[in-house]
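Participant:
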Amino acid sequence: MAEGAAKSGCRTYVVGGTALLFVLTVLSFCMQPSAEEQKEKKQAGFHCLDYYYGALPALEDAVKETLREPDSFEHVSTRVTPVGADGTHSIVMSYRARNGFGGVNVEEVVGRYSSSDCKLLGWEHR
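Numbering of the sequence shown is given in the numbering used here, commencing with residue 6 and proceeding in unit increments.
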């Protein structure tokens, strides 16, 4: 009797788990941004930024290459302008990193990137 009860309980978990996965899959498709929302994001320049913390990965990598201690890099904030007539966005990124004396500096860089392919076109320290 205990064996039959165990099989029945296991079957309940499998059916319940499958139903839950189905519901989550349907909800994930319903929550996709509309075409208009995607267009607005692209116009604003957000489509190129990292979803989790909002940095432009290409700019982050370029800055890290210039640091004495790239592992000390910590993104603080990123601001972008809407796409310009030339198809580019301006970007300002603040970050923290250790300096040569062991202290931590907060720095800012400015740059431009392409709206169409998210390619970093140039940057400099502010």
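All C-beta atoms in this analysis are idealised placements derived from N, C-alpha and C, irrespective of residue type, glycine included.
Keep in mind that this is a model prediction, so the values were computed, not measured.
1. Please classify R16: does DSSP put it in a helix, a strand, or coil?
2. Near G92, which residues of its chain fall below 7 angstroms by C-beta distance, leaving aside the five closest residues on each side in sequence?
3. Would you tell me roughly how many angstroms separate the C-alpha atoms of E129 and V115, rounded to the nearest one?
4. Tell me which residue opens and which closes the alpha helix (DSSP H) that T86 is part of.
5. Can you have a look at T71 and say buried or exposed, based on whether 16 or more other CB atoms are within 10 angstroms of its CB?
6. How is G77 classed by DSSP in three states: helix, strand or coil?
7. Can you tell me which of the three DSSP states V63 falls into?
8. Looking only at its own chain, which residues have a Cβ that is under 6 angstroms from the Cβ of S99, when we skip the five neighbours before and after it?
9. Pick out whichever of T23, Q43, V109 has its Cα sitting closest to the Cα of E74.
10. Sorted by chain position, which residues of the same chain lie with C-beta nearer than 6 angstroms to A49's C-beta, five sequence neighbours on each side aside?
Facilitator: Result, derived from the coordinates:
1. Translated into the one-based positions of the sequence shown, residue 16 becomes position 11. Per DSSP, reduced to three states, the secondary structure at R16 is helical.
2. Your numbering for residue 92 matches position 87 in the sequence shown. Around G92: S119, S120, S121.
3. Locating residue 129 in the sequence shown gives position 124, counting from the first residue. Locating residue 115 in the sequence shown gives position 110, counting from the first residue. E129 and V115: Cα-Cα distance of roughly 6 angstroms.
4. Position 81 of the sequence shown, counted from the start, is the residue given in the question as residue 86. From DSSP, T86 is part of no alpha helix (DSSP H); its letter is neither H nor E.
5. As a working note, residue 71 is residue 66 in the sequence shown. When all chains shown are included, T71 counts as exposed.
6. For the purposes of this step, residue 77 is taken as residue 72 along the sequence shown, with counting starting at 1. As written in the sequence, residue 77 is Ser, which differs from the Gly given in the question. Three-state DSSP puts S77 in a helix.
7. Looking up residue 63 in the sequence shown gives position 58. Checking the sequence, you will find Ala at residue 63 rather than Val. Residue state, collapsed to three classes: helix.
8. Within the sequence shown, numbered from 1, the residue matching residue 99 stands at position 94. Excluding residues within five positions, the ones whose Cβ falls inside 6 angstroms are V81, S82, E113.
9. Along the sequence shown, one-based indexing puts residue 74 at 69. Checked all of T23, Q43, V109; the closest Cα to E74 is V109.
10. In the sequence shown, the residue the question calls residue 49 occupies position 44. Taken in chain order, the residues that qualify are P87.
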